[in-house]
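Protein chains in written order, with our numbering: chain A, 14 to 296; chain B, 11 to 688. All C-beta atoms in this analysis are idealised placements derived from N, C-alpha and C, irrespective of residue type, glycine included. Model, not experiment: these values are computed from the prediction. Written below as C-alpha cells is the structure these notes are about.
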Amino acid sequence: MNQPSNNPGERQYLRFTRLNRLLHATMIVCFLSLALTGMTLKFSYTGWASILSHLFGGYESAGYIHRFAATVMVGVFITHLVDLVRRKRREHSSWKNMLAGPDTMLPTRKDAADVRDSLRWFLGMGPRPQYGRWTYWEKFDYFAVFWGMVVIGSTGFTLWFPETFTLLLPGWMINVAAIIHSDEALLATGFIFTVHFFNTHLRPEKFPMDMVIFTGMMPVEELKVDKPAEYEKQVAEGTLEENLAEPYPPIVIRGIRIFAWTALGIGFSIVVWILYAMVFAYR
Amino acid sequence: MLTERTQSVLINRGRQYGLLAILVFVGVLPASVRAQAAAECLTCHENRDLQGTRRGKTIRVFVDQKKFAASVHGSLDCVACHADLAGKEMPHDEDLAPVVCGTCHEKVAAEQASSLHGKAARRGDALAPRCPDCHGSHGVLRARDPRSPVAPMQVPYLCGKCHKEGAPVQSQRAIHADHILENYSESIHGEGLLRKGLVVSATCASCHTAHAMLPHTDPASSIARRNIAATCTQCHAQIEMVHRKVIKGELWEREAHVLPACVDCHQPHKARKVFYDQGMADKDCLRCHARPEIVSSKNGRSLYVAQELLGTSRHVRTACSQCHAGVNVAKARPCETITQPVDCASCHAEVAQQYTGSMHGKLVERQDPNAPTCIECHGTHAVLGKHQPQSATFSINVPKLCARCHRAGQKAAVRYTGDQLNIVEHYNESIHGRGLTKSGLTVTAMCTNCHTAHGVLPRKDPRSSINPANVPATCGTCHHGIEEQFRKSVHADSIGAKGKQLPVCDDCHSAHTIRRADEEGFKLTIMNQCGRCHEQIAKTYFDTYHGKVSQLGYTKTAKCYDCHGAHDILPVTDIRSHLSRENVVATCQKCHPGANRRFAGYLTHATHHDPDKYPLLFWTFWGMTGLLVGTFAVSGLHTLLWLPRAIQMRRQRNRLSAPPPTQTTAEASAQDDEPTQQ
Chain A
14 MNQPSNNPGE
24 RQYLRFTRLN
34 RLLHATMIVC
44 FLSLALTGMT
54 LKFSYTGWAS
64 ILSHLFGGYE
74 SAGYIHRFAA
84 TVMVGVFITH
94 LVDLVRRKRR
104 EHSSWKNMLA
114 GPDTMLPTRK
124 DAADVRDSLR
134 WFLGMGPRPQ
144 YGRWTYWEKF
154 DYFAVFWGMV
164 VIGSTGFTLW
174 FPETFTLLLP
184 GWMINVAAII
194 HSDEALLATG
204 FIFTVHFFNT
214 HLRPEKFPMD
224 MVIFTGMMPV
234 EELKVDKPAE
244 YEKQVAEGTL
254 EENLAEPYPP
264 IVIRGIRIFA
274 WTALGIGFSI
284 VVWILYAMVF
294 AYR
Chain B
11 MLTERTQSVL
21 INRGRQYGLL
31 AILVFVGVLP
41 ASVRAQAAAE
51 CLTCHENRDL
61 QGTRRGKTIR
71 VFVDQKKFAA
81 SVHGSLDCVA
91 CHADLAGKEM
101 PHDEDLAPVV
111 CGTCHEKVAA
121 EQASSLHGKA
131 ARRGDALAPR
141 CPDCHGSHGV
151 LRARDPRSPV
161 APMQVPYLCG
171 KCHKEGAPVQ
181 SQRAIHADHI
191 LENYSESIHG
201 EGLLRKGLVV
211 SATCASCHTA
221 HAMLPHTDPA
231 SSIARRNIAA
241 TCTQCHAQIE
251 MVHRKVIKGE
261 LWEREAHVLP
271 ACVDCHQPHK
281 ARKVFYDQGM
291 ADKDCLRCHA
301 RPEIVSSKNG
311 RSLYVAQELL
321 GTSRHVRTAC
331 SQCHAGVNVA
341 KARPCETITQ
351 PVDCASCHAE
361 VAQQYTGSMH
371 GKLVERQDPN
381 APTCIECHGT
391 HAVLGKHQPQ
401 SATFSINVPK
411 LCARCHRAGQ
421 KAAVRYTGDQ
431 LNIVEHYNES
441 IHGRGLTKSG
451 LTVTAMCTNC
461 HTAHGVLPRK
471 DPRSSINPAN
481 VPATCGTCHH
491 GIEEQFRKSV
501 HADSIGAKGK
511 QLPVCDDCHS
521 AHTIRRADEE
531 GFKLTIMNQC
541 GRCHEQIAKT
551 YFDTYHGKVS
561 QLGYTKTAKC
571 YDCHGAHDIL
581 PVTDIRSHLS
591 RENVVATCQK
601 CHPGANRRFA
611 GYLTHATHHD
621 PDKYPLLFWT
631 FWGMTGLLVG
641 TFAVSGLHTL
651 LWLPRAIQMR
661 RQRNRLSAPP
671 PTQTTAEASA
681 QDDEPTQQ
C-alpha cells in the first residue's frame, strides 16, 4: 500500500506462484476454522467458548467443520508435496539440485551466518544481513507447518477414530493424543497469530500488511531493500525482467485486502480469547 | 332387668340345661341293660337296606351304629327317645310317633315352641324346621364339636339352607331382610368367622338366639329395638365406653327408646359398613338453621346451614347431632346443651390421631392462630370426598389448597426457615405439577403424596415422610421400580459408606423443581449434583472430551450417569457395576459401537495435573508446555530485538521516498499521510 514506488501500472517482481498463493489462502481459511472450533473445546469453561460453539451450530456441527477443515488442510499439504515433485521435474534435474540449490527451503550455512549477523544487526554491531530469497525465519515458518501437520494431524486422526486406533494403541494413548493435539494447536495458533503476524504485518517496515503472499508480487524497489541478495542474483543472472508481472487491478487488491484483514482480525481475536482464558479462567 | 330376661333365652344357656339333663339320665341307668337294648334294635336296623313306612311314605330306617355310638345320645337306649316302642315285641309296628326332644330338653323345647320356627311348625308349615333339621337325628353332636351342623362355623350354612337368596323360605315367607348370607359373609362378623376361623365371632344364633328367634317387632325378640343393645353387648361389653363421643355411656340402656340403637348405625348383617339412619333429627335442626339470617347470640357469626350443600356433601347421611354432639332431645332447643365444637375424631379417629401428631396438629395444640384445623381443608357442611373433582382435596386442587398458606408470603411460608423457596411456583413448573395441572393426570404426585395428608411433619423429624431416611420409600410408592434399583445401589444406606451423608432422591432430582430426566436442562445440572459430593472426580471429568462438550451446553455426550448408571450406581469393583471389567466395554459401546477392550482403557477422568496418578499425561503436558514456552521465548526475543531496527528501517525508507520534485502533490500528500495514521 505504502510501499515505495508502488506506482500503478509499474511491473512488479513475482515472488509466489499462483498455486502457492491459493494454497496459502486455503490454509488460512482451514486454519482459522480449525482454531475457532478447536479452541471452543479446549477452553470450554469460558463464556466465549460457549457462545462460539453455539454460533457454529453446536459442538456437533463445530466438530464437522473441524474435521472438514482438517481434511482440506491435509489436501493442501499433499497438494504442496505433489507440487514440489512436479517442480523438481520441471525446473531441477534431481532432488539434490533442488534441495541444495540457491533457492532451497532447507537451512543452509548462509542461514546460520544470517542468524548470527541478524543478531549483530539487532544489537547495532553490524549492518543488515544480505537476506536471500528465503530468510531463515521464513524457512522456520515453513517447517513449522510440516511439524504441525505431522503432530497435530496424526493426533487429530487418533481422536477422530479412537475405536480404530485402540485396536493397536492402549486407551490412555487417546488421552496423550488429546493433550498433544490441543497443546500443539495452542502453540501453532499462538505462533501464527503473533510471531508470524509480526513478521508479515506488524513489522514496522511492512505495516500494516505485506500483500506479497496474496498478490504474489512485490515492487522491485522493495525487493532491493528487503532481500538484497535475491535482487543482486536476479540482476546478475539477468532474470529479473522475466520475473516481472503486471499488478492486479485495484478492485482485486481491495478484495484481497478485505479477506486478509478479516483473517487477521479473527487471528487476533483468538489470541485475545486464549490470553483471557489462560490468565483469568485457567484451571 | 331387661338384660337378664333376654339372656335367659339364649342358646348357650339352653344347651347347658339340655346336657345336664342327659348326664343325670345316663348316670341312673345300669350300663348292661342299655347295651343290650340298643344291640337288640340294631340286629335289624344295622341293615343298610332296611325300609319302613312313615305316614304312608317308604323310608330307610337304617341306623349307623358308629355314628350313634359317637353321638351325645350314644349311651341312651333307643326307647329313651322312641318312647312308643317301650315294652313292644320285635319286630315292632311301623309308622312310629315322632320323637319328642322336649321330653328331656324341656326348656329349649319351650323356647322353640314360642319362636317363629315353632309357631310355623304348629301351623303345619311344611317349611318349618324341626329339631333334626338342624341337629340331625341319630348322630347328634355337641355344638362345640366342629363336625356338628350347629357348630359356630357351620351355623351360617345351616341357617342359610333356608335363608339364602332363592330358597323357598326366603322367597315364600315374610322375611324382610334380603341377601342375608351375602351381607353377613362380608360383614366383620362373617369375615371373622368364615375367613379367619374365629369361632367366637357372632353367628346367626348369637343375635337371633338358637331356639327363640322372633321378629324384631316382637318386644321379646333379642333383636327388638329395646333389646339390641343388650344383645350386642354380650360380646361388645365395653362398647358404650368407646361410643361416649356419640352417646353418653349409660344412656343407651336407660333411654334406649330415644337413642339410636346399634343397628341404626351398624346395619344388621352388614356390620362394619357403618350406616346411619338419616334425618333422625335433622329436620328439627333445620327448622331454625335453614333460615339465612340466623346468627350466634354469642359472637354474631352466621349459623345458617345451606341445605343444598348438605345434600351433595359426603356427610349427606350423617345426622346433625352426630357431629354436633351433646344435643338433648328433651329440651325445646336440643342444641342448647352443646358445649363442644365439632370433633371429627369421633368418627375419623385414625386420621385424627395422625393429624394430632403432625405439624398442623401441633400448631393447634399450641393454639397457634395460623393452625389449620380439619375445616381449613375439608370445609364444613359441604365436605366432599377426595375423589370428587369439586372437592378442595381432589388431587388436582390440592396444590391450590396448600398454596393458600404455603405460597411465598402467605402465613405458612413466612414462618418457614428452610431452603425450599417459592414452592408453589416451582411445583407448578415441575414435571409433577405440569402432569397434574396441564395434563390433568390425577395420579401425578402432588403435595400430599409426598408430605402425606394428615401426618405432615418437617424434614428433620425422623417420622416425616420426607425425612431423608424415608424419601426413597415415599418416592417409591409411585416409582417402585426405581426404588428397587436404588436400594441395591451404593447410595442406599444399607450398602453405601457408613457414617456418610448419602444422597436420596431429592438430592439429585430436587424436591419441588423436579424435571424430566430426558430434558437437556436436567441432564446438564445432574453433573453438578454429582459434583457436590464427588468434587474431585467431577472436576477431572471436565478435563476430558466428554466433560468439555458437556460444559459447552450439549448433552449428546457421556455424562456421569451414562457410564455409572443413574439409580443402580455401584462401585467399579462390583461385578454388577456398569463399569466393572465385565461390563465396561458394553457400556462404552452404547455410544461407541466399535469400542473394544483397549478403547475402554481411555482415562475418562484423566487430569494432567496429577503426576502420581497419571505420570504420562503429566509429563506429556509439561513437555508440550516446555516446547511452547521455549518456542515463544526464542521467537519473542527475536522479534523484540528486531523491532528497533525495523522501526529504524521504516524511518529510513520514508526519508528515501521523500517526494522528489518530479512527483505530483497528490501522491506526495498520500505518502505523507500514511505514517501519521499509524
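DSSP three-state assignment for residue i, whether helix, strand or coil
i              : result
residue 67(B)  : strand
residue 276(B) : strand
residue 150(B) : coil
residue 639(B) : helix
residue 465(B) : coil
residue 78(B)  : helix
residue 76(A)  : helix
residue 485(B) : helix
residue 281(A) : helix
residue 36(B)  : A caution first: residue 36(B) carries a pLDDT of 47, below 50, which makes its placement in the model too unreliable to give a value.
residue 223(B) : coil
residue 239(A) : helix
residue 219(A) : coil
residue 163(B) : coil
residue 338(B) : coil
Check whether residue i and residue j have beta carbons under 8 Å apart
i              : j              : result
residue 568(B) : residue 601(B) : yes
residue 228(A) : residue 264(A) : no
residue 165(A) : residue 198(A) : yes
residue 7(A)   : residue 609(B) : The structure shown has nothing for residue 7(A), since chain A only spans 14 to 296.
residue 543(B) : residue 513(B) : yes
residue 240(A) : residue 141(A) : no
residue 89(A)  : residue 45(A)  : no
residue 524(B) : residue 461(B) : no
Option nearest residue i by Cα separation, candidates the options
i              : options                           : result
residue 421(B) : 76(B), 381(B) and 571(B)          : 381(B)
residue 343(B) : 624(B), 309(B), 375(B) and 299(B) : 299(B)
residue 136(B) : 179(B), 162(B) and 50(B)          : 179(B)
residue 520(B) : 335(B), 462(B), 637(B) and 485(B) : 485(B)
residue 627(B) : 72(A), 193(A), 292(A) and 269(A)  : 193(A)
residue 144(A) : 115(A), 170(A), 157(A) and 45(A)  : 115(A)
residue 216(B) : 242(B), 511(B), 426(B) and 480(B) : 242(B)
residue 151(A) : 168(A), 139(A) and 127(A)         : 127(A)
residue 664(B) : 243(A), 219(A) and 248(A)         : 219(A)
residue 452(B) : 500(B), 408(B) and 97(B)          : 408(B)
CB contact check: residue i to chain A, cutoff 8 Å
i              : result
residue 514(B) : no
residue 645(B) : yes
residue 374(B) : no
residue 618(B) : yes
residue 501(B) : no
residue 606(B) : yes
residue 533(B) : no
residue 635(B) : yes
residue 558(B) : yes
residue 659(B) : yes
residue 561(B) : yes
residue 544(B) : no
DSSP beta-bridge partners of residue i
i              : result
residue 257(A) : 26(A)
residue 231(A) : 26(A)
residue 305(B) : 312(B)
residue 62(B)  : 69(B)
Interface flag, residue i vs chain B, CB-CB below 8 Å
i              : result
residue 290(A) : no
residue 33(A)  : no
residue 69(A)  : no
residue 58(A)  : yes
residue 77(A)  : no
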